[in-house]
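Q: I am attaching a structure below and will ask some questions about it afterwards.
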DNA sequence: CCTCTTGACATACGCCTCGTATGTGAATGA
DNA sequence: TCATTCACATACGAGGCGTATGTCAAGAGG
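Residue numbers (the working numbering), protein chains in the order written: chain A, 1 to 201; chain B, 1001 to 1201.
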């Protein structure tokens, strides 16, 4: 056999490059990350890069896709573990805020990603995180818990609020206390979507 | 006289460079904007740039500062013209969303700015827009209209929601209809800050 | 009126980075 | 065994940034 020897090696090198890129993009930022250093760090050259990916931007695409998938998976778990859909929505918000504390996610997904690749709403995988939030909101509307607002609009604004909160917390001198304030404010805003003034369980 | 001849000329060149930079950064993006082309467009060279500003990033700082001031001024006017503080807050949100439809503001202030200069919350001038929103919220809390939430948290999340809405609207194929959905959702979220379920005039 | 200094800007240079074109050796298939 | 492919390395060219150096007009002083 040994039929897939070439392909296996290639997949491994792709993975190595993506790993190195996550590291480099997260610590130095996209613009300041040198492809020479990045590839050399895993024992390759730029030749491997331009063979496996379209260009530097293509590598960023691959990194973004990978991280987006990981974030979506974590959010999915959070929602499934919540005792009710409404609390699931709030838990998603908190989880999103906390995830954005990760410098890697912050730098790559929230700062450089949009600047280099354009608005996240147009990303393939269609921003899996947003998708999950929208699904949750849709379910809550069908249950009559949430006002019949536009699902995509509500999802996007909630995500935007969470994102802003995350950046704030991350840049704060005292992340702990700021985090609780941010989560409280998020809950307050989210309650504006409720049909009844009283929050459900 | 003619004492300030040198200084006046320098100020004028500074202004010309900033104007050219706004144009170039907005249309090509920060990374793809060539300082050679940019300066040549106003009849200067890179020499003038590095004499008037620290470096390329310094020029972006100057541009951001200018635009931030203009945005704050427009928001201030919107708030003053509103018939009530609460409606002022909503009007500010709408105005912010609409402002972000301007490609210049979008690209420079919302995409490249944060990516290159770091989180906006740490910008000098301290993001005048946020400041205005916070002032409005503080007033509403003192009047008992809004829940006693953390002012900065509420302001940041509201701004984040508006920003997210703006990017969504800007990237939409049908901005008109999306804009109304976004504004509706913003009003819904904002109402979550109210002490009473019923919205005030 | 002449000289000297200052400073705003232009010019010239080196270094780095990206993207592509070309080379190469190992894995495949016959 | 030989030819082919292909994953990757090497070599090359273009362009951009930042700095060091040059230059010439505007002011200061006698």
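Here a beta-carbon is modelled for each residue, glycine too, at the ideal position from N, C-alpha and C.
Are any of the Cβ atoms in chain A nearer than 8 Å to that of residue 1100/B?
A: Numbered from 1 along the second chain, position 100 holds the residue referred to as residue 1100/B. Taking Cβ atoms only, chain A never reaches closer than 8 Å to residue 1100/B, which makes this a no.
Q: Can the beta-carbon of residue 1024/B be found closer than 8 Å to that of residue 1011/B?
A: The sequence position of residue 1024/B within the second chain is 24, counting from 1. The sequence position of residue 1011/B within the second chain is 11, counting from 1. Going by C-beta atoms, residue 1024/B is not nearer than 8 Å to residue 1011/B.
Q: Measure from the C-beta of residue 26/A to each C-beta in chain B and report whether the shortest distance is under 8 Å.
A: Locating residue 26/A in the first chain gives position 26, where the first residue counts as 1. No, because no Cβ of chain B sits closer than 8 Å to the Cβ of residue 26/A.
Q: For residue 140/A, which three-state DSSP category applies?
A: Reading the first chain from its first residue, position 140 is the one you call residue 140/A. Looking at residue 140/A - three-state DSSP - the assignment turns out to be helix.
Q: Residue 64/A and residue 109/A look like a contact to me (Cβ under 8 Å); what is the Cβ gap, rounded to whole Å?
A: Along the first chain, read from residue 1 onward, the residue named residue 64/A stands at position 64. Along the first chain, read from residue 1 onward, the residue named residue 109/A stands at position 109. With 8 Å as the limit, residue 64/A and residue 109/A qualify as a contact, their Cβ atoms being about 7 Å apart.
Q: Can you check whether the C-beta of residue 34/A is within less than 8 Å of a C-beta belonging to chain B?
A: One-based indexing of the first chain puts residue 34/A at position 34. Taking Cβ atoms only, chain B never reaches closer than 8 Å to residue 34/A, which makes this a no.
Q: Could one say the Cβ of residue 1094/B lies closer than 8 Å to chain A's Cβ atoms, at least one of them?
A: By 1-based counting over the second chain, the position of residue 1094/B is 94. No, residue 1094/B does not count as interfacial toward chain A.
Q: Which residues bound the alpha helix (DSSP H) around residue 1109/B?
A: Here residue 1109/B refers to the residue found at position 109 when the second chain is read from its first residue. Element bounds for residue 1109/B: n/a, residue is neither H nor E.
Q: Residue range of the alpha helix (DSSP H) that residue 1047/B falls in?
A: Taking the first residue of the second chain as 1, we reach residue 1047/B at position 47. Looking at the DSSP string, the run of the alpha helix (DSSP H) that includes residue 1047/B is 1046-1052.
Q: Considering Cα atoms alone, identify which of 1041/B, 1154/B, 1150/B is closest to residue 1016/B.
A: Taking the first residue of the second chain as 1, we reach residue 1016/B at position 16. Comparing Cα positions, the closest option is 1041/B.
Q: Find the residues of chain B that neighbour residue 189/A, judging by a C-beta separation of less than 8 Å, and give them in chain order.
A: Stepping through the first chain from its first residue, residue 189/A is reached at position 189. The answer, in chain order, is 1154, 1157, 1158, 1161, 1189, 1190, 1192, 1193.
Q: Put residue 194/A into one of helix, strand or coil per three-state DSSP.
A: Residue 194/A sits at position 194 when you count from the first residue of the first chain. Residue 194/A falls in the strand class under three-state DSSP.
Q: Please report whether the beta-carbon of residue 63/A lies at a distance below 8 Å from any beta-carbon of chain B.
A: Here residue 63/A refers to the residue found at position 63 of the first chain. No, because no Cβ of chain B sits closer than 8 Å to the Cβ of residue 63/A.
Q: In the DSSP assignment, find the alpha helix (DSSP H) that holds residue 57/A and state where it starts and stops.
A: Looking up residue 57/A in the first chain gives position 57. Element bounds for residue 57/A: 56-81.
Q: In three-state DSSP terms, what is residue 149/A?
A: For the purposes of this step, residue 149/A is identified with residue 149 of the first chain, where counting begins at 1. Residue 149/A falls in the coil class under three-state DSSP.
Q: Thinking C-alpha only, which one of 1156/B, 1103/B, 1128/B, 1062/B is nearest residue 1168/B?
A: The residue you call residue 1168/B lines up with position 168 of the second chain. It is 1103/B.
Q: In the DSSP assignment, find the alpha helix (DSSP H) that holds residue 1034/B and state where it starts and stops.
A: Here residue 1034/B is taken as the residue at index 34 of the second chain, counted from 1. It is not in any alpha helix (DSSP H) - residue 1034/B carries neither H nor E in the DSSP assignment.
Q: Quick check: the Cα distance between residue 123/A and residue 1009/B, rounded to an integer number of angstroms?
A: As a first step, residue 123/A is located in the first chain; it is residue number 123 there, counting from the start. As a first step, residue 1009/B is located in the second chain; it is residue number 9 there, counting from the start. The alpha-carbon atoms of residue 123/A and residue 1009/B are separated by roughly 46 Å.
Q: Please list the terminal residues of the continuous alpha helix (DSSP H) segment that includes residue 95/A.
A: Translated into the one-based positions of the first chain, residue 95/A becomes position 95. Per DSSP, residue 95/A belongs to the alpha helix (DSSP H) from 85-99.
Q: Would the beta-carbon of residue 1189/B fall within 8 Å of that of residue 1146/B?
A: One-based indexing of the second chain puts residue 1189/B at position 189. One-based indexing of the second chain puts residue 1146/B at position 146. No, they are not a contact pair.
Q: Determine which residues of the segment 1165-1188 of chain B have a Cβ less than 7 Å from any Cβ of chain A, and write them out in chain order.
A: So the list reads 1165, 1167, 1168, 1171, 1181, 1182, 1184, 1185, 1186, 1188, given in the order they occur along the chain.
Q: Helix or strand or just coil, what does DSSP make of residue 199/A?
A: Within the first chain, numbered from 1, the residue matching residue 199/A stands at position 199. Coil.
Q: Along chain A, which residues have their Cβ under 7 Å away from the Cβ of residue 1031/B?
A: Here residue 1031/B corresponds to residue number 31 of the second chain, with the count starting at 1. Chain A residues near residue 1031/B: 31.
Q: Could you name the residues of chain A that residue 1111/B contacts, counting a contact when the two beta carbons are closer than 7 Å?
A: Here residue 1111/B is taken as the residue at index 111 of the second chain, counted from 1. Correct list: 114, 115.
Q: Quick one: using the 10 Å Cβ neighbour count with 16 as the cut-off for buried, is residue 67/A buried or exposed?
A: Here residue 67/A is taken as the residue at index 67 of the first chain, counted from 1. Buried is the call here.
Q: Enumerate in chain order the residues of its own chain whose CB-to-CB distance from residue 29/A is below 7 Å, with the five nearest sequence positions on each side excluded.
A: Your numbering for residue 29/A matches position 29 in the first chain. Cβ within range, chain order: 107, 112.
Q: Whose C-beta lies closer than 8 Å to the C-beta of residue 1085/B among residues of the same chain, with five residues either side of it excluded?
A: Locating residue 1085/B in the second chain gives position 85, where the first residue counts as 1. Taken in chain order, the residues that qualify are 1136, 1139, 1140, 1143, 1145.
Q: Nearest to residue 1117/B by alpha carbon, out of 1089/B, 1079/B, 1062/B?
A: Sequence index remark: in the second chain, residue 1117/B carries index 117 (1-based). Here the closest residue by C-alpha is 1062/B.
Q: Would you mind stating whether residue 119/A and residue 1197/B have Cβ atoms separated by less than 8 Å?
A: For the purposes of this step, residue 119/A is taken as residue 119 along the first chain, with counting starting at 1. For the purposes of this step, residue 1197/B is taken as residue 197 along the second chain, with counting starting at 1. Not in contact: residue 119/A and residue 1197/B (Cβ atoms no closer than 8 Å).
Q: Taking 8 Å as the threshold (beta carbon to beta carbon), is residue 199/A in contact with chain B?
A: Within the first chain, residue 199/A is the residue found at index 199, counting from 1. So no, residue 199/A is outside the interface.
Q: Residue 183/A and residue 94/A: beta carbons closer than 8 Å?
A: On the first chain, residue 183/A is found 183 positions in, with the first residue counted as 1. On the first chain, residue 94/A is found 94 positions in, with the first residue counted as 1. For residue 183/A and residue 94/A, yes; Cβs fall inside 8 Å.
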